[in-house]
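Chains as they are written, first to last, in the UniProt record's numbering: chain A, 1 to 196; chain B, 1 to 196; chain C, 1 to 196; chain D, 1 to 196. Have a look at the structure below, then the notes.
Number of protein chains: 4
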Amino acid sequence: MSAAAEGGWSVPQRLLAAATRLFADQGYDRTSVQEIVEAAGVTKGALYHYFGSKDDLLHEVYARVLRLQQERLDCFARSDAPVEKRLREAAADVVVTTIENLDDTKIFFRSMHHLGPEKLAQVRAERRRYHERFRALVEEGQRCGVFSSATPADLVVDYHFGSVHHLGAWYHAEGRLSAGEVAGHLADLLMRALRP
Amino acid sequence: MSAAAEGGWSVPQRLLAAATRLFADQGYDRTSVQEIVEAAGVTKGALYHYFGSKDDLLHEVYARVLRLQQERLDCFARSDAPVEKRLREAAADVVVTTIENLDDTKIFFRSMHHLGPEKLAQVRAERRRYHERFRALVEEGQRCGVFSSATPADLVVDYHFGSVHHLGAWYHAEGRLSAGEVAGHLADLLMRALRP
Amino acid sequence: MSAAAEGGWSVPQRLLAAATRLFADQGYDRTSVQEIVEAAGVTKGALYHYFGSKDDLLHEVYARVLRLQQERLDCFARSDAPVEKRLREAAADVVVTTIENLDDTKIFFRSMHHLGPEKLAQVRAERRRYHERFRALVEEGQRCGVFSSATPADLVVDYHFGSVHHLGAWYHAEGRLSAGEVAGHLADLLMRALRP
Amino acid sequence: MSAAAEGGWSVPQRLLAAATRLFADQGYDRTSVQEIVEAAGVTKGALYHYFGSKDDLLHEVYARVLRLQQERLDCFARSDAPVEKRLREAAADVVVTTIENLDDTKIFFRSMHHLGPEKLAQVRAERRRYHERFRALVEEGQRCGVFSSATPADLVVDYHFGSVHHLGAWYHAEGRLSAGEVAGHLADLLMRALRP
DNA sequence: AATGAATGAGAGTTCATTCAT
DNA sequence: CATGAATGAACTCTCATTCAT
Chain A
1 MSAAAEGGWS VPQRLLAAAT RLFADQGYDR TSVQEIVEAA GVTKGALYHY FGSKDDLLHE
61 VYARVLRLQQ ERLDCFARSD APVEKRLREA AADVVVTTIE NLDDTKIFFR SMHHLGPEKL
121 AQVRAERRRY HERFRALVEE GQRCGVFSSA TPADLVVDYH FGSVHHLGAW YHAEGRLSAG
181 EVAGHLADLL MRALRP
Chain B
1 MSAAAEGGWS VPQRLLAAAT RLFADQGYDR TSVQEIVEAA GVTKGALYHY FGSKDDLLHE
61 VYARVLRLQQ ERLDCFARSD APVEKRLREA AADVVVTTIE NLDDTKIFFR SMHHLGPEKL
121 AQVRAERRRY HERFRALVEE GQRCGVFSSA TPADLVVDYH FGSVHHLGAW YHAEGRLSAG
181 EVAGHLADLL MRALRP
Chain C
1 MSAAAEGGWS VPQRLLAAAT RLFADQGYDR TSVQEIVEAA GVTKGALYHY FGSKDDLLHE
61 VYARVLRLQQ ERLDCFARSD APVEKRLREA AADVVVTTIE NLDDTKIFFR SMHHLGPEKL
121 AQVRAERRRY HERFRALVEE GQRCGVFSSA TPADLVVDYH FGSVHHLGAW YHAEGRLSAG
181 EVAGHLADLL MRALRP
Chain D
1 MSAAAEGGWS VPQRLLAAAT RLFADQGYDR TSVQEIVEAA GVTKGALYHY FGSKDDLLHE
61 VYARVLRLQQ ERLDCFARSD APVEKRLREA AADVVVTTIE NLDDTKIFFR SMHHLGPEKL
121 AQVRAERRRY HERFRALVEE GQRCGVFSSA TPADLVVDYH FGSVHHLGAW YHAEGRLSAG
181 EVAGHLADLL MRALRP
């Protein structure tokens with residue numbers, strides 16, 4: 001009954017959803033715990049019953065994004081298609097999932113430095129694994145000769161992910177291009193830059 | 001005499017320098033006015049004598065970055081070299097000046113949303129002009145046929161600037177590559193992505 | 001079965017033991033109900049099933065101490081030994097039982113003011129009876145002339161009990177002196193101070 | 001002018017006085033910062049302008065008591081009177097000054113454990129020096145043979161100071177005995193207990 | 001008998017800003 | 001020009017207690 005109230009979501013789900021929206025809109029520091037609990041329709045005590053701190057909420061958002069992206073990338077990387085197809089699809093997919101979770105991603109890249117040291121280290125470690133898996137695809141293609149080796153693979157990865165992070169700064173759902181179209185274009189740019 | 005003290009810098013200069021370093025290291029919200037004045041070796045009264053508010057300090061940092069980048073871009077765009085040379089040099093130069101002013105740039109992209117509405121509008125307008133001038137170069141090349149038209153010019157610009165914004169997240173002065181080398185690689189990637 | 005678990009103690013006993021240790025170590029205000037129930041291995045609901053409030057736990061500790069001390073004193077006072085022997089034994093015994101229940105005694109003297117008014121009055125009344133019974137021994141000796149009458153009896157009692165309260169501040173079980181030795185010395189000091 | 005307001009006391013003095021009274025009446029934990037600033041007629045900001053924390057206020061009270069007692073004891077100990085006179089006067093004086101500063105002393109013995117670890121260590125070190133100076137007097141008399149050596153000197157000191165700490169529990173200014181009378185009696189008890 | 005989610009009031013602390021000097 | 005005392009509102013977080021289950 002009380003679970004059915006407020007849209008059938010549980011209290012921690014509602015809190016996480018409210019925090020995500022507010023953190024994305026206003027930034028972590030500019031969002032008060034009071035705003036979050038009001039948006040979720042609960043009291044402060046309830047928040048601290050489920051989350052140890054405001055920091056914890058942020059960490060939960062990160063965990064969700066990291067898990068999602070890691071799974072998608074694994075999926076593409078493990079395919080047995082030619083490496084250029086695998087990289088292209090991974091490069092496009094990270095754009096689509098970023099746009100589909102634009103709030104989470106905005107928070108991710110804007111508020112990461114607000115995490116405490118040990119949580120930050122953990123997030124960074126996961127992030128690094130993600131980057132390395134992506135870089136491995138680039139290096140594989142460079143070794144096979146299907147990609148140019150003119151640019152070090154890690155710079156290529158940073159180049160592409162730079163544009164992915166930047167999506168939050170300009171992409172709007174009501175804009176001219178759909179998520180898929182943007183993804184296609186950005187993946188194209190990457191593939192063309194890698195042509196030997 | 002007091003200007004000669006503390007390295008010969010004026011009080012407002014010292015305040016701005018201290019604020020820049022602290023904002024870049026800790027973020028705008030995490031930096032207190034008290035920290036700034038202590039780092040600058042003055043008192044709060046002095047800060048409020050020269051700057052209307054903490055917000056004003058942030059705005060000054062922005063103004064400095066915007067002015068610098070605008071000037072550099074104008075310089076390259078106005079040259080009468082072939083468009084591919086002009087774009088390549090502009091693309092590389094924005095990387096170098098970003099790295100040379102990495103603190104300012106970190107602040108720029110991380111704390112923009114802390115500005116009040118009217119200042120934000122002003123900054124965004126200047127930023128848009130900058131983007132458009134850059135885009136004009138891409139479009140000029142596309143019209144001439146020296147660049148591929150497969151990707152809309154504004155997406156190309158966002159792709160490149162994405163990687164520029166991202167520099168603050170990974171570039172370290174003590175790293176493997178010099179600013180010039182990174183700039184060369186990133187400009188290369190852009191030019192290769194634009195090959196017809 | 002659940003009584004046999006956790007060392008065969010009942011839930012209220014476990015709660016009282018946990019509360020006693022924590023109150024003595026950290027003080028009443030610094031100890032949260034959450035800590036108590038965790039230390040006792042039960043939940044908050046269980047605590048509030050057996051005790052009306054956190055205050056009640058404190059009161060139970062007091063009741064235990066008061067009952068114990070009252071009984072011991074009665075035992076010595078009712079003996080038909082000479083008054084100097086009765087007083088000496090009572091004075092030494094209160095030291096030993098205080099040391100043997102040092103946690104309870106620490107709480108008693110440090111947290112008494114946390115009780116509500118009516119419970120406080122009740123505790124103080126019992127405490128006063130205890131003092132008066134002790135004082136009666138001193139006065140009896142003074143009337144007989146075996147003790148000096150230079151100092152009013154109530155001051156003598158406060159003098160001795162002051163040192164008893166103070167035990168919690170310095171006595172450690174691992175120290176140089178056993179409880180019995182300390183008791184002997186303190187009782188000696190009292191008796192010597194009372195020599196005519 | 002603003003200094004003349006509120007009785008001519010400075011803001012930090014008023015805060016310290018208010019805190020002392022409230023800590024003595026209600027205990028440290030039961031006294032809120034809000035109560036203190038209201039009693040002092042200032043705002044919370046003012047309190048934190050002068051004191052780093054609520055803890056700091058407590059520490060200031062301690063520093064005042066410690067300084068006072070140390071000075072008085074030094075004064076008596078350095079005299080060239082016979083040791084029994086020096087000890088008697090010191091033992092009586094600590095009672096008088098304790099009664100004259102009963103609020104501070106209550107706080108001292110009841111709330112010491114609320115200090116943070118490093119401040120606590122500092123206070124304890126000063127306290128120990130005080131005890132040792134007192135003990136040295138007892139030992140000197142024991143060596144000369146004017147005091148009995150039946151009880152170890154440190155136990156004697158704890159015995160006396162126990163009764164001093166205890167004063168806060170029963171002494172009232174309106175009571176039967178003046179501070180000087182109580183001091184005389186307690187010093188008498190000590191000296192008689194030390195008779196060979 | 002026992003759970004644990006949820007409350008709501010209040011805790012200590014921070015901070016940008018003002019203003020008399 | 002510059003000081004620094006003082007403000008007042010907002011901040012994150014804690015906690016004893018209740019109640020439906």
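All C-beta atoms in this analysis are idealised placements derived from N, C-alpha and C, irrespective of residue type, glycine included. Being a predicted model, the structure only gives us computed values, none of them experimental.
Return the Cβ separation of residue i and residue j in integer angstroms, given the expectation that the two are a contact with Cβ distance under 8 Å.
i: A40 of chain A; j: L15 of chain A; result: 5 Å
i: A193 of chain A; j: L189 of chain B; result: 4 Å
i: T97 of chain C; j: L68 of chain C; result: 6 Å
i: residue 197 of chain D; j: E35 of chain D; result: An answer regarding residue 197 of chain D cannot be provided, because it is not within the stretch 1 to 196 covered by chain D.
i: L137 of chain A; j: L87 of chain A; result: 5 Å
i: V61 of chain C; j: T20 of chain C; result: 6 Å
Count the other CB atoms within 10 Å of the CB of residue i; is the residue buried (16 or more) or exposed (fewer)?
i: E132 of chain C; result: exposed
i: S53 of chain B; result: exposed
i: K44 of chain D; result: exposed
i: G162 of chain C; result: buried
i: residue 223 of chain C; result: This structure cannot speak to residue 223 of chain C, because chain C is shown only from 1 to 196.
i: R127 of chain C; result: buried
i: residue 244 of chain C; result: Since the first residue shown for chain C is 1 and the last is 196, residue 244 of chain C is missing from the structure and cannot be characterised.
i: S178 of chain D; result: exposed
i: G180 of chain B; result: exposed
i: K85 of chain C; result: exposed
i: A5 of chain D; result: At A5 of chain D the pLDDT is 44, less than 50, meaning the model places this residue with poor confidence and gives no usable figure here.
i: G27 of chain A; result: buried
i: V182 of chain B; result: buried
Compute the Euclidean distance between the alpha carbons of residue i and residue j, then round it to the nearest angstrom.
i: A187 of chain A; j: I99 of chain B; result: 26 Å
i: E140 of chain D; j: V94 of chain D; result: 19 Å
i: residue 197 of chain C; j: R72 of chain A; result: This structure leaves residue 197 of chain C out entirely; chain C is present only between 1 and 196.
i: S2 of chain C; j: I107 of chain D; result: Its pLDDT being 46, under 50, S2 of chain C is placed unreliably in this model, and the coordinates cannot settle the point.
i: D56 of chain B; j: V42 of chain B; result: 17 Å
i: F76 of chain D; j: G184 of chain C; result: 31 Å
i: Y130 of chain C; j: Q70 of chain C; result: 6 Å
i: M191 of chain D; j: D74 of chain D; result: 20 Å
i: S149 of chain C; j: T31 of chain C; result: 45 Å
i: N101 of chain A; j: E38 of chain A; result: 23 Å
i: Q13 of chain B; j: A125 of chain D; result: 48 Å
i: R152 of chain A; j: H165 of chain B; result: One point to set straight first is that residue 152 of chain A is Pro, not Arg, in the sequence displayed. Distance between the alpha carbons of P152 of chain A and H165 of chain B is about 19 Å.
i: E118 of chain B; j: A63 of chain B; result: 14 Å
i: S79 of chain D; j: D29 of chain C; result: 45 Å
i: V33 of chain D; j: E174 of chain A; result: 52 Å
i: L115 of chain B; j: Q122 of chain A; result: 31 Å
i: E89 of chain C; j: G145 of chain D; result: 28 Å
Tell me the residue span of the alpha helix (DSSP H) that contains residue i.
i: P82 of chain B; result: P82 of chain B -> no alpha helix (DSSP H), and no H or E assigned at all.
i: A121 of chain A; result: P117 to C144
i: H185 of chain A; result: A179 to L194
i: G162 of chain C; result: A153 to W170
i: R21 of chain B; result: V11 to Q26
i: G108 of chain A; result: First, the amino acid is wrong: residue 108 of chain A is Phe here, not Gly. Looking at the DSSP string, the run of the alpha helix (DSSP H) that includes F108 of chain A is L102 to S111.
i: H114 of chain A; result: Taken as a continuous stretch (DSSP letters only), H114 of chain A belongs to no alpha helix (DSSP H), as it is neither H nor E.
i: E38 of chain B; result: V33 to A40
Determine, using beta carbons only, whether residue i and residue j come nearer to each other than 8 Å.
i: H160 of chain A; j: A81 of chain A; result: no
i: F147 of chain A; j: P196 of chain A; result: yes
i: D103 of chain C; j: A18 of chain C; result: no
i: W9 of chain D; j: D158 of chain C; result: no
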